[in-house]
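Inspection log for the structure reproduced underneath, given as C-alpha coordinates.
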Amino acid sequence: MARVPAPLASFRKLFGVTRCAVIGMIHVQALPGSPLNASSINDIVADAVEQAHIYRDSEVDGVLVENMNDVPYTLRESPEVTASMVRICQSVRETVGPTLPCGVQILAAQNRAACAVAAASNFNFIRVEGFVFGHIADEGEVNACAGELLRYRKSLGSFAENVAIFCDIKKKHSAHAITGDVSIADTARNADLFMADGLIVTGNATGLEPSESDIEEVASAVPQQPLILGSGVTSDNVR
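According to the UniProt record's numbering, the sequence shown is numbered sequentially starting from 1.
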(Lines of atoms letter the chains of each structure in order from A and count residues from 1; the text may use other names and numbers.)
(Lines give C-alpha, C1' and ligand atoms only; values in the text may rest on other atoms or scores of the structure.)
Protein backbone atom coordinates (compact mmCIF):
# COMPACT_ATOMS: atom_id res chain seq x y z
CA MET A 1 0.00 0.00 0.00
CA ALA A 2 1.37 3.41 -0.96
CA ARG A 3 2.14 5.91 1.76
CA VAL A 4 -0.10 8.97 1.90
CA PRO A 5 1.24 11.49 1.24
CA ALA A 6 4.03 10.15 -0.96
CA PRO A 7 7.56 11.22 0.01
CA LEU A 8 7.88 13.57 -2.97
CA ALA A 9 4.69 15.40 -2.04
CA SER A 10 5.89 15.77 1.56
CA PHE A 11 9.28 17.06 0.35
CA ARG A 12 7.66 19.68 -1.88
CA LYS A 13 5.41 20.79 0.96
CA LEU A 14 8.34 21.07 3.38
CA PHE A 15 10.52 23.12 1.03
CA GLY A 16 7.71 25.01 -0.67
CA VAL A 17 8.87 24.06 -4.16
CA THR A 18 7.45 22.18 -7.11
CA ARG A 19 10.79 21.39 -8.75
CA CYS A 20 14.24 21.89 -7.23
CA ALA A 21 15.31 23.00 -3.76
CA VAL A 22 18.75 24.32 -2.83
CA ILE A 23 20.04 23.12 0.56
CA GLY A 24 23.09 24.96 1.89
CA MET A 25 25.71 23.02 3.86
CA ILE A 26 26.86 24.37 7.23
CA HIS A 27 30.16 22.60 7.93
CA VAL A 28 30.91 23.17 11.59
CA GLN A 29 34.46 23.48 12.87
CA ALA A 30 36.07 20.47 14.53
CA LEU A 31 34.16 19.71 17.72
CA PRO A 32 35.49 19.08 21.25
CA GLY A 33 37.22 15.71 21.46
CA SER A 34 38.13 15.45 17.77
CA PRO A 35 41.81 15.61 16.73
CA LEU A 36 41.50 18.89 14.81
CA ASN A 37 39.57 20.76 17.49
CA ALA A 38 41.23 24.14 18.08
CA SER A 39 38.30 26.37 19.03
CA SER A 40 36.02 26.84 22.00
CA ILE A 41 32.42 25.74 21.67
CA ASN A 42 31.41 29.42 21.73
CA ASP A 43 33.60 30.15 18.71
CA ILE A 44 32.34 27.05 16.91
CA VAL A 45 28.75 28.14 17.45
CA ALA A 46 29.54 31.67 16.27
CA ASP A 47 31.07 30.34 13.05
CA ALA A 48 28.03 28.16 12.34
CA VAL A 49 25.74 31.12 13.00
CA GLU A 50 27.75 33.23 10.56
CA GLN A 51 27.27 30.59 7.86
CA ALA A 52 23.56 30.42 8.68
CA HIS A 53 23.27 34.20 8.26
CA ILE A 54 24.78 33.95 4.77
CA TYR A 55 22.36 31.23 3.70
CA ARG A 56 19.39 33.04 5.20
CA ASP A 57 20.27 36.26 3.41
CA SER A 58 20.86 34.34 0.17
CA GLU A 59 17.34 32.89 0.40
CA VAL A 60 18.29 29.24 0.04
CA ASP A 61 15.50 26.70 0.45
CA GLY A 62 17.05 24.96 3.46
CA VAL A 63 20.25 24.23 5.37
CA LEU A 64 22.01 21.08 6.56
CA VAL A 65 24.40 21.15 9.53
CA GLU A 66 27.23 18.59 9.47
CA ASN A 67 30.33 17.88 11.58
CA MET A 68 32.47 17.41 8.48
CA ASN A 69 35.69 18.52 10.18
CA ASP A 70 35.68 15.81 12.86
CA VAL A 71 38.16 13.70 10.89
CA PRO A 72 39.09 10.93 11.22
CA TYR A 73 35.51 9.84 11.80
CA THR A 74 34.50 7.18 14.28
CA LEU A 75 31.48 4.90 14.44
CA ARG A 76 31.45 5.19 18.23
CA GLU A 77 28.72 7.34 19.73
CA SER A 78 30.26 10.46 21.27
CA PRO A 79 28.17 12.31 23.89
CA GLU A 80 30.33 15.42 23.57
CA VAL A 81 29.61 15.59 19.84
CA THR A 82 25.89 15.10 20.33
CA ALA A 83 25.78 17.79 23.02
CA SER A 84 27.76 20.21 20.87
CA MET A 85 25.52 19.61 17.86
CA VAL A 86 22.40 20.35 19.92
CA ARG A 87 23.82 23.71 20.91
CA ILE A 88 24.93 24.50 17.35
CA CYS A 89 21.65 23.44 15.77
CA GLN A 90 19.56 25.39 18.25
CA SER A 91 21.61 28.50 17.45
CA VAL A 92 21.20 27.90 13.72
CA ARG A 93 17.45 27.56 14.15
CA GLU A 94 17.32 30.84 16.07
CA THR A 95 19.32 32.49 13.28
CA VAL A 96 17.33 31.33 10.26
CA GLY A 97 13.92 31.60 11.90
CA PRO A 98 11.17 29.07 12.54
CA THR A 99 10.15 28.27 8.96
CA LEU A 100 13.33 27.54 6.98
CA PRO A 101 13.76 23.75 6.62
CA CYS A 102 16.81 22.62 8.61
CA GLY A 103 18.58 19.27 8.77
CA VAL A 104 21.51 17.67 10.55
CA GLN A 105 23.98 14.87 9.90
CA ILE A 106 26.38 13.51 12.52
CA LEU A 107 29.38 11.64 11.17
CA ALA A 108 29.98 8.88 11.06
CA ALA A 109 26.64 7.11 10.82
CA GLN A 110 25.41 8.54 14.14
CA ASN A 111 21.87 8.43 12.84
CA ARG A 112 20.02 7.94 16.12
CA ALA A 113 21.93 10.83 17.68
CA ALA A 114 21.09 12.99 14.67
CA CYS A 115 17.41 12.14 15.06
CA ALA A 116 17.48 13.20 18.70
CA VAL A 117 19.40 16.40 17.93
CA ALA A 118 16.94 17.28 15.16
CA ALA A 119 13.97 16.74 17.44
CA ALA A 120 15.50 18.80 20.25
CA SER A 121 16.40 21.65 17.88
CA ASN A 122 13.11 21.84 15.98
CA PHE A 123 14.87 20.64 12.84
CA ASN A 124 12.98 19.02 9.99
CA PHE A 125 15.20 16.27 8.61
CA ILE A 126 18.35 14.21 9.02
CA ARG A 127 20.84 12.84 6.51
CA VAL A 128 21.43 9.15 7.14
CA GLU A 129 24.28 6.83 6.21
CA GLY A 130 23.78 3.09 5.81
CA PHE A 131 19.99 3.13 5.70
CA VAL A 132 19.75 -0.02 3.58
CA PHE A 133 22.48 -2.54 2.69
CA GLY A 134 25.78 -2.60 4.54
CA HIS A 135 29.01 -1.20 3.16
CA ILE A 136 32.64 -0.66 4.11
CA ALA A 137 33.36 3.01 4.67
CA ASP A 138 36.66 4.72 5.37
CA GLU A 139 35.77 4.65 9.07
CA GLY A 140 34.88 0.94 9.08
CA GLU A 141 31.94 -1.39 8.56
CA VAL A 142 28.54 0.30 8.45
CA ASN A 143 25.47 -1.88 8.86
CA ALA A 144 22.00 -1.12 7.56
CA CYS A 145 19.99 0.83 10.13
CA ALA A 146 16.51 1.41 8.70
CA GLY A 147 14.67 -0.93 11.05
CA GLU A 148 16.36 0.32 14.21
CA LEU A 149 16.24 3.99 13.21
CA LEU A 150 12.55 4.07 12.33
CA ARG A 151 11.71 2.22 15.53
CA TYR A 152 13.79 4.71 17.49
CA ARG A 153 11.98 7.63 15.87
CA LYS A 154 8.65 5.94 16.60
CA SER A 155 9.62 5.40 20.24
CA LEU A 156 10.14 9.14 20.69
CA GLY A 157 6.52 9.80 19.76
CA SER A 158 5.54 13.40 19.04
CA PHE A 159 9.06 14.54 19.98
CA ALA A 160 10.49 13.24 16.69
CA GLU A 161 7.57 12.16 14.51
CA ASN A 162 8.09 15.03 12.06
CA VAL A 163 11.82 14.42 11.53
CA ALA A 164 12.18 13.25 7.92
CA ILE A 165 14.87 10.74 6.95
CA PHE A 166 16.86 11.49 3.80
CA CYS A 167 19.29 8.63 3.14
CA ASP A 168 22.41 8.16 1.07
CA ILE A 169 22.37 5.21 -1.30
CA LYS A 170 25.63 3.70 -2.57
CA LYS A 171 27.33 6.22 -0.30
CA LYS A 172 30.50 8.09 -1.24
CA HIS A 173 33.85 7.31 0.42
CA SER A 174 32.76 3.67 0.65
CA ALA A 175 33.34 0.27 -0.92
CA HIS A 176 30.25 -1.52 -2.18
CA ALA A 177 31.78 -4.75 -3.51
CA ILE A 178 29.81 -6.78 -0.97
CA THR A 179 26.60 -5.52 -2.62
CA GLY A 180 28.03 -5.40 -6.12
CA ASP A 181 25.13 -7.48 -7.42
CA VAL A 182 22.63 -4.87 -6.18
CA SER A 183 22.14 -1.98 -8.60
CA ILE A 184 21.66 1.58 -7.45
CA ALA A 185 18.08 1.33 -8.73
CA ASP A 186 17.43 -1.73 -6.56
CA THR A 187 19.04 0.02 -3.60
CA ALA A 188 16.67 2.93 -4.17
CA ARG A 189 13.67 0.61 -4.36
CA ASN A 190 14.63 -1.00 -1.06
CA ALA A 191 15.15 2.36 0.62
CA ASP A 192 11.68 3.34 -0.56
CA LEU A 193 10.25 0.05 0.72
CA PHE A 194 11.90 0.73 4.09
CA MET A 195 10.13 4.10 4.28
CA ALA A 196 12.86 6.62 3.50
CA ASP A 197 11.59 10.18 3.06
CA GLY A 198 14.15 11.08 0.42
CA LEU A 199 17.11 9.55 -1.44
CA ILE A 200 20.57 11.09 -1.76
CA VAL A 201 22.84 10.29 -4.71
CA THR A 202 26.50 11.35 -4.71
CA GLY A 203 29.74 11.01 -6.58
CA ASN A 204 32.47 8.73 -5.26
CA ALA A 205 33.91 11.40 -2.95
CA THR A 206 33.11 14.80 -1.49
CA GLY A 207 33.03 17.43 -4.22
CA LEU A 208 32.52 14.95 -7.05
CA GLU A 209 29.24 15.15 -8.91
CA PRO A 210 26.99 12.10 -9.28
CA SER A 211 26.91 10.39 -12.64
CA GLU A 212 23.98 11.21 -14.88
CA SER A 213 23.31 7.49 -15.28
CA ASP A 214 22.95 7.03 -11.50
CA ILE A 215 20.58 9.99 -11.32
CA GLU A 216 18.48 8.68 -14.19
CA GLU A 217 18.33 5.13 -12.77
CA VAL A 218 17.15 6.27 -9.36
CA ALA A 219 14.65 8.77 -10.74
CA SER A 220 13.19 6.09 -13.00
CA ALA A 221 13.09 3.40 -10.29
CA VAL A 222 11.33 5.46 -7.60
CA PRO A 223 9.59 8.49 -9.14
CA GLN A 224 7.60 8.93 -5.92
CA GLN A 225 10.80 9.72 -4.00
CA PRO A 226 12.63 13.06 -3.76
CA LEU A 227 16.01 12.72 -5.46
CA ILE A 228 18.66 14.80 -3.70
CA LEU A 229 22.13 15.42 -5.14
CA GLY A 230 24.49 15.11 -2.20
CA SER A 231 27.85 16.15 -3.64
CA GLY A 232 29.49 18.08 -6.44
CA VAL A 233 26.70 20.56 -7.14
CA THR A 234 28.03 23.79 -8.65
CA SER A 235 26.64 26.80 -10.47
CA ASP A 236 28.13 25.35 -13.66
CA ASN A 237 26.48 21.91 -13.61
CA VAL A 238 23.02 22.82 -12.27
CA ARG A 239 20.46 23.12 -15.03
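Think of the CB as a built atom: it goes at the ideal place given N, C-alpha and C, for glycine as much as any other residue.
task: Could you check which residue in E212, A221, V218 has the C-alpha nearest to that of G232?
output: Position 232 of the sequence shown, counted from the first residue, corresponds to residue 232. The residue with the shortest Cα to Cα distance from G232 is E212.
- request: Please work out which residues of its chain come closer than 7 Å, Cβ to Cβ, to A21, disregarding the five sequence neighbours upstream and downstream, and give them in chain order.
  value: Start at 1 with the first residue of the sequence shown, and residue 21 comes out as number 21. So the qualifying residues of the chain are F15, D61, G62.
field: Helix, strand or coil at residue 327 according to DSSP, with G and I counted as helix
entry: Only positions 1 to 239 of the chain appear in the structure, and residue 327 is not among them; the question remains open.
query: Any chance the stretch 29-48 sits against the stretch 109-120, with 3 or more Cβ pairs inside 8 Å?
result: No: the two stretches stay apart, fewer than three of their Cβ pairs being nearer than 8 Å.
message: Please list the terminal residues of the continuous beta strand (DSSP E) segment that includes F166.
response: As a working note, residue 166 is residue 166 in the sequence shown. Element bounds for F166: 164-168.
message: On the DSSP letters alone, give me the boundaries of the beta strand (DSSP E) that R127 sits inside.
response: Residue mapping note: residue 127 aligns to position 127 of the sequence shown, counting from 1. Looking at the DSSP string, the run of the beta strand (DSSP E) that includes R127 is 125-128.
message: So, at 7 Å on beta carbons, what are the nonlocal neighbours of Y152 in its own chain, with the 5 sequence-adjacent residues on each side left out?
response: Taking the first residue of the sequence shown as 1, we reach residue 152 at position 152. Here the set comprises R112, C115.
- prompt: If you draw a straight line from the C-alpha of P7 to the C-alpha of E59, how long is it?
  reply: Taking the first residue of the sequence shown as position 1, residue 7 is located at position 7. Taking the first residue of the sequence shown as position 1, residue 59 is located at position 59. Rounded to whole angstroms, P7 to E59 spans 24 Å at the Cα level.
task: Could you check which residue in S155, E94, T179, G147 has the C-alpha nearest to that of residue 240?
output: As shown, the chain starts at 1 and ends at 239. That puts residue 240 outside it, with no answer to give.
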